[in-house]
């Protein structure tokens, strides 16, 4: 099974058809760069974007990327471009962390992607299963199947796709002049919890989708805080200006780290439950503290 990239707090998705975006992304403080071949690329630029993505991934060998992880989002499987996308990525397989597969509803799609990737991995002298698959849960059918999707051995990450999900369910943020965004937020919470539980149950990473209002840093912080509170590892971003907020929210603060360290210290001796600063601390609390410290360490790497 592909190891989930637990250190991904921020995942910047950018169109592979725009060279200046790729060049700018090379030195950004982002954990994962996702080179997009799907929604952000016009049909007549698919081949150009594909070639640019391959060249960008190849550059990993020369140490040209600051990001810890480089991924490529292929076009929807079963459409006219996905198989060509996967075939082109074969040449740079050793340097590719994940393939992002959009609009996944069933295991048959994952089996097909797995078979193609395994063939190219073996041809490159790699162990089959090395490249992870990041599954985008973007509609009602995908959410209903999320536990099954998370169980697939090739899957390393589950990612929420809020825009397509909104369209799939017919969610409305405004009705007759009345703001109903809080109702939509509740629907998102339901989807996020389904994804988070499936990811944890199967040992996979989880990423929240992007906050599309790129100039609204306060709204971004609220959105990121919400998914971080639900246990997500990180969040997609669409613009470099969103990175600081997302990296900060998904990295435990100095205060959180200090509290976690105190909890670990108080539970080192086999004394059962103890009282720390007026609160009961036991083995379950110690596990929570260990998660906080692991996230903090990952954020420093």
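Numbering (the working numbering), first residue to last: 386 to 686.
C-beta: ideal position from N, C-alpha, C; glycine also.
Small disclaimer: the values here were computed from a predicted structure and weren't measured.
1) Quick check on DSSP: helix, strand or coil for residue 405?
2) In three-state DSSP terms, what is residue 421?
3) Unbroken alpha helix (DSSP H) runs of length 4 or more, entirely within the region 450-512: which are they?
4) To the nearest angstrom, how far is the alpha carbon of residue 541 from that of residue 518?
5) Look at the alpha carbon of residue 557 and the alpha carbon of residue 626, and state the distance between them as a whole number of angstroms.
6) Between residue 414 and residue 628, which are expected to be in contact by the criterion C-beta below 8 Å, what is the C-beta distance as a whole number of angstroms?
7) Can you tell me whether DSSP reads residue 617 as helix, strand or coil?
8) Where does residue 524 sit, in a helix, a strand or coil, going by DSSP?
9) Which residue wins for smallest C-alpha separation from residue 484, given the options 511, 501 and 526?
10) Apply the 10 Å Cβ neighbour rule to residue 527 and answer buried if 16 or more other Cβ atoms are within range, or exposed otherwise.
11) How far does the beta strand (DSSP E) with residue 542 in it extend, from its first residue to its last?
12) Hey, out of 420, 595, 507 and 548, whose CA is closest to residue 455's CA?
13) For residue 414, does the three-state DSSP call read helix, strand or coil?
14) Just to confirm before moving on: does the CB-CB distance between residue 617 and residue 591 stay below 7 Å?
15) So, at 8 Å on beta carbons, what are the nonlocal neighbours of residue 433 in its own chain, with the 5 sequence-adjacent residues on each side left out?
16) Do you know how far the Cα of residue 622 is from the Cα of residue 598?
17) Counting only C-beta atoms, is residue 467 closer than 7 Å to chain B at any point?
18) Taking the Cβ atom as the reference point for each residue, do residue 422 and residue 470 lie within a distance shorter than 7 Å?
19) Could you check what DSSP says for residue 395 in three-state terms: helix, strand or coil?
20) Identify the continuous alpha helix (DSSP H) that holds residue 593 and give its terminal residues.
21) Given this structure, state the Cα-to-Cα distance separating residue 512 from residue 503, to the nearest angstrom.
22) Given a cut-off of 7 Å on the beta-carbon distance, is the pair residue 619 and residue 393 in contact?
23) Measuring CA to CA, which of 631, 577, 515 and 564 is closest to residue 610?
24) Taking 8 Å as the limit between beta carbons, can you name the residues of its chain near residue 604, skipping five residues before and five after?
25) If you compare alpha carbons, which of 608, 634, 586 and 559 is closest to residue 574?
26) Where does residue 426 sit, in a helix, a strand or coil, going by DSSP?
27) Suppose the cutoff is 8 Å on Cβ atoms and the five residues either side in sequence are ignored; what does the same chain contact list for residue 354 look like?
28) Where does residue 388 sit, in a helix, a strand or coil, going by DSSP?
29) Going straight from the alpha carbon of residue 516 to that of residue 658, what length do you get?
30) Using the three-state DSSP reduction, which class does residue 597 fall into: helix, strand or coil?
31) Candidates 510, 536, 490 and 507: which alpha carbon is nearest residue 546's?
32) Taking the straight line between their C-alpha atoms, what separation do you get for residue 579 and residue 509?
Quick look at the numbers:
1) Position 20 of the chain shown holds residue 405. The answer is helix: DSSP assigns residue 405 an H, G or I state.
2) Translated into positions along the chain shown, residue 421 becomes position 36. Reduced to three states, the DSSP call for residue 421 is strand.
3) 467-474 and 492-508
4) As a first step, residue 541 is located in the chain shown; it is residue number 156 there, counting from the start. As a first step, residue 518 is located in the chain shown; it is residue number 133 there, counting from the start. Rounded to the nearest angstrom, the two C-alpha atoms are 6 Å apart.
5) Taking the first residue of the chain shown as 1, we reach residue 557 at position 172. Taking the first residue of the chain shown as 1, we reach residue 626 at position 241. Between residue 557 and residue 626, the C-alpha separation is close to 27 Å.
6) Sequence index remark: in the chain shown, residue 414 carries index 29 (1-based). Sequence index remark: in the chain shown, residue 628 carries index 243 (1-based). At roughly 6 Å, the Cβ-Cβ gap stays under 8 Å, so residue 414 and residue 628 are in contact.
7) In the chain shown, counting from the first residue as 1, residue 617 sits at position 232. Note: residue 617 maps to coil in three-state DSSP.
8) Reading the chain shown from its first residue, position 139 is the one you call residue 524. Reduced to three states, the DSSP call for residue 524 is coil.
9) Position 99 of the chain shown, counted from the start, is the residue given in the question as residue 484. The shortest C-alpha separation from residue 484 is found at 501.
10) Counting from 1 along the chain shown, the entry for residue 527 is found at position 142. Looking at its Cβ environment, which holds 16 or more other Cβ atoms inside 10 Å, residue 527 is buried.
11) On the chain shown, position 157 is the one that residue 542 refers to. Counting along the chain, the beta strand (DSSP E) containing residue 542 begins and ends at 540-545.
12) Within the chain shown, residue 455 is the residue found at index 70, counting from 1. Out of 420, 595, 507 and 548, 420 has the C-alpha closest to the C-alpha of residue 455.
13) Here the question's residue 414 lines up with position 29 in the chain shown. Coil, per DSSP.
14) As a first step, residue 617 must be located in the chain shown, where it is residue number 232. As a first step, residue 591 must be located in the chain shown, where it is residue number 206. For residue 617 and residue 591, yes; Cβs fall inside 7 Å.
15) Looking up residue 433 in the chain shown gives position 48. Result list for residue 433: 402, in chain order.
16) Here residue 598 refers to the residue found at position 213 when the chain shown is read from its first residue. Here residue 622 refers to the residue found at position 237 when the chain shown is read from its first residue. The straight-line gap from Cα to Cα measures roughly 10 Å.
17) Although the question refers to chain B, the structure presented lacks it and comprises just one protein chain.
18) Locating residue 422 in the chain shown gives position 37, where the first residue counts as 1. Locating residue 470 in the chain shown gives position 85, where the first residue counts as 1. Going by C-beta atoms, residue 422 is nearer than 7 Å to residue 470.
19) Residue mapping note: residue 395 aligns to position 10 of the chain shown, counting from 1. Residue 395 falls in the strand class under three-state DSSP.
20) If you number the chain shown from 1, residue 593 lands on position 208. Run containing residue 593: none in the alpha helix (DSSP H); it sits in the beta strand (DSSP E), 590-593.
21) As a working mapping, residue 512 is identified with position 127 in the chain shown. As a working mapping, residue 503 is identified with position 118 in the chain shown. Looking at the two C-alpha atoms, the distance is approximately 8 Å.
22) On the chain shown, residue 619 is found 234 positions in, with the first residue counted as 1. On the chain shown, residue 393 is found 8 positions in, with the first residue counted as 1. It is a contact, given that the beta carbons lie within the stated cut-off.
23) Residue mapping note: residue 610 aligns to position 225 of the chain shown, counting from 1. Nearest C-alpha to residue 610: 631.
24) As a position in the chain shown, residue 604 is number 219, starting the count at 1. 596 and 598.
25) Here the question's residue 574 lines up with position 189 in the chain shown. Per the Cα distances, 608.
26) On the chain shown, position 41 is the one that residue 426 refers to. Reduced to three states, the DSSP call for residue 426 is coil.
27) Nothing in the structure corresponds to residue 354, since the chain is present only between 386 and 686.
28) To locate residue 388, count along the chain shown from 1; it is residue 3. Reliability fails at residue 388, whose pLDDT of 40 lies under 50, so the model's placement of it is uncertain and no value is given.
29) To locate residue 516, count along the chain shown from 1; it is residue 131. To locate residue 658, count along the chain shown from 1; it is residue 273. Their Cα atoms are separated by approximately 43 Å.
30) Along the chain shown, read from residue 1 onward, the residue named residue 597 stands at position 212. Reduced to three states, the DSSP call for residue 597 is coil.
31) Taking the first residue of the chain shown as 1, we reach residue 546 at position 161. Checked all of 510, 536, 490 and 507; the closest Cα to residue 546 is 490.
32) As a first step, residue 579 must be located in the chain shown, where it is residue number 194. As a first step, residue 509 must be located in the chain shown, where it is residue number 124. Each residue's Cα considered, the two are about 36 Å apart.
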